[in-house]
Amino acid sequence: MVTRGFSGKSMDNNFINPIPPGQHVVEGFPVLTAGPTPRVETGDWKFTLKVGPKPLKIWTWQDFQDLPQTKMTRDIHCVTSWSKLGTLWEGVLVDDILATAGIVPPSEFLLAHSYDGYSTNVPLADLILGKAMVATKFNGEPLARDHGGPARLLVPHLYFWKSAKWVNGLQFTDRDEPGFWELRGYHIYGDPWKEQRYTHD
Numbered sequence: 001m002v003t004r005g006f007s008g009k010s011m012d013n014n015f016i017n018p019i020p021p022g023q024h025v026v027e028g029f030p031v032l033t034a035g036p037t038p039r040v041e042t043g044d045w046k047f048t049l050k051v052g053p054k055p056l057k058i059w060t061w062q063d064f065q066d067l068p069q070t071k072m073t074r075d076i077h078c079v080t081s082w083s084k085l086g087t088l089w090e091g092v093l094v095d096d097i098l099a100t101a102g103i104v105p106p107s108e109f110l111l112a113h114s115y116d117g118y119s120t121n122v123p124l125a126d127l128i129l130g131k132a133m134v135a136t137k138f139n140g141e142p143l144a145r146d147h148g149g150p151a152r153l154l155v156p157h158l159y160f161w162k163s164a165k166w167v168n169g170l171q172f173t174d175r176d177e178p179g180f181w182e183l184r185g186y187h188i189y190g191d192p193w194k195e196q197r198y199t200h201d
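Numbering (UniProt numbering), first residue to last: 1 to 201.
If you want it as structure tokens, here you go:
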């Protein structure tokens, strides 16, 4: 289910998929990171949309809260084999970020960047049409720091390493550039239904 928090629009999925192959369901929410957890305060947080090295638009935390807010309920799947079902998120759709910036996407590829230096590549097609958001709340509460707060990318139909924690920007690139884990042997795309965990899967 995707619900516009302030406009009343909604889109419902009328079916429930089984979990992807090789996954098992967990009730908790495991915490996995590539390095130390950064402390990012909302007063210091900024989100930048770039084409290559050139910034196109920068949002402060308050700017971001003024954008259309959307709720999204999705299953999430980690490459380490756990899946969590029916997770509830709130934030700003990537569609609304691009619309507010007033740009026509200049390429088909993006890198998501984070405050801890992490990056991951996601094709534009996997970020638009209601598929992805920059999430700032989980289960109705501000997103906890261990889970990427104050904001993380959420791309729930791909393995969860694509949902970059502590996100601070999206960068259009000329080609599908690998990010942190992709450079270290993870799959360039990461479809859990095809078990695309590692480079040659």
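Glycine residues also receive a C-beta, built at the ideal position from the N, C-alpha and C atoms.
Decide if residue i is buried, meaning its Cβ has at least 16 other Cβ atoms within 10 Å, or exposed.
| i | result |
| --- | --- |
| L93 | buried |
| Q62 | exposed |
| A164 | buried |
| A144 | exposed |
| P192 | buried |
| G102 | exposed |
| N168 | buried |
| H200 | exposed |
| H187 | buried |
| H77 | buried |
| V104 | exposed |
| V26 | exposed |
Looking at the structure shown, is residue i part of a helix, part of a strand, or coil, going by DSSP?
| i | result |
| --- | --- |
| L110 | strand |
| E141 | strand |
| T100 | helix |
| E177 | coil |
| A125 | helix |
| R39 | coil |
| S7 | For S7, the predicted model reports a pLDDT of 33, less than 50, meaning its position is unreliable; a value from the coordinates is still stated below. Three-state result, S7: coil. |
| K194 | helix |
| F160 | helix |
| E27 | coil |
| L67 | coil |
| L85 | strand |
| H147 | helix |
| L183 | helix |
| residue 209 | The question about residue 209 has no answer, for the chain in this structure spans 1 to 201. |
| W45 | coil |
Please identify the residue among the options whose C-alpha is closest to the C-alpha of residue i.
| i | options | result |
| --- | --- | --- |
| D126 | P20, Q69, G22, G190 | G190 |
| K152 | A135, R197, S81 | One detail in the question is off: residue 152 reads as Arg in this sequence, not Lys. Comparing Cα-Cα distances from R152 to each of A135, R197, S81, the minimum goes to A135. |
| Y198 | Q171, W161, P55, N168 | W161 |
| R74 | I97, I58, L85 | L85 |
| G185 | V79, E41, V25, Q65 | V79 |
| T100 | I58, P21, Y159 | I58 |
| D146 | G35, Q65, W82, E27 | G35 |
| N121 | A132, K131, L129, F109 | F109 |
| K46 | W166, D201, H200, P106 | W166 |
| P20 | L158, T37, P123 | L158 |
| W89 | V25, M72, L111, W82 | M72 |
| M133 | V40, T42, L154 | L154 |
Residue i and residue j look like a contact to me (Cβ under 8 Å); what is the Cβ gap, rounded to whole Å?
| i | j | result |
| --- | --- | --- |
| T70 | G91 | 7 Å |
| G149 | P142 | 6 Å |
| G28 | E195 | Not confirmed; about 23 Å, so no contact. |
| S81 | H24 | 6 Å |
| P68 | D96 | 5 Å |
Tell me whether residue i counts as near the ligand MG, meaning its Cβ is closer than 7 Å to at least one heavy atom of that ligand.
| i | result |
| --- | --- |
| S119 | In the structure on display, the ligand MG does not appear, and there are no ligands present to speak of. |
Contact the stretch 106-124 vs the stretch 169-186: 3+ CB pairs below 8 Å: yes
Stretch pair the stretch 164-174 + the stretch 42-58: three plus CB contacts closer than 8 Å: yes
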